[in-house]
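Colleague: Could you have a look at this structure, given as structure tokens, before my questions?
Numbering (the numbering used here), first residue to last: -17 to 50.
This is the structure we're talking about:
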């Protein structure tokens, strides 16, 4: 299973290939950061960039960040 790790706003995003999809897990790097639910609503897509983008969107939502 291929995996890539990205840092974003204090979180670690781990993107893995689980054919036929890519999936992402999100882990806060500090206990003061809000948890992001990725287990009850899995982050899946057909390529790693889409999955990474959705993980970033969920992190922004958890932090109350709005991007225009």
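The beta carbon of each residue, even a glycine, is placed where N, CA and C say it ideally should be. Remember, it's a predicted structure, so these values are computed and weren't measured experimentally.
So what does DSSP say about residue 40, is it helix, strand or coil?
Modeller: Residue numbering aside, residue 40 sits at position 58 when the chain shown is read from its first letter. In the structure shown, residue 40 sits in a helix (DSSP, three-state: H, G or I).
Colleague: Residue -3 and residue 34: beta carbons closer than 9 Å?
Modeller: Numbered from its first residue, the chain shown carries residue -3 at position 15. Numbered from its first residue, the chain shown carries residue 34 at position 52. Going by C-beta atoms, residue -3 is nearer than 9 Å to residue 34.
Colleague: Which residue's Cα is closest to the Cα of residue 2: 26, 32 and 14?
Modeller: Mapped onto the chain shown, residue 2 falls at position 20. Checking every option, the nearest Cα to that of residue 2 belongs to 26.
Colleague: Buried or exposed: which applies to residue 47, given that a residue is buried once 16 or more other Cβ atoms fall within 10 Å of its Cβ?
Modeller: Walking along the chain shown from the start, residue 47 turns up at place 65. Answer is exposed; the Cβ neighbour count stays below 16.
Colleague: Run through the DSSP bridge pairs and tell me what residue 26 is partnered with.
Modeller: Along the chain shown, one-based indexing puts residue 26 at 44. Bridge partners of residue 26: 5.
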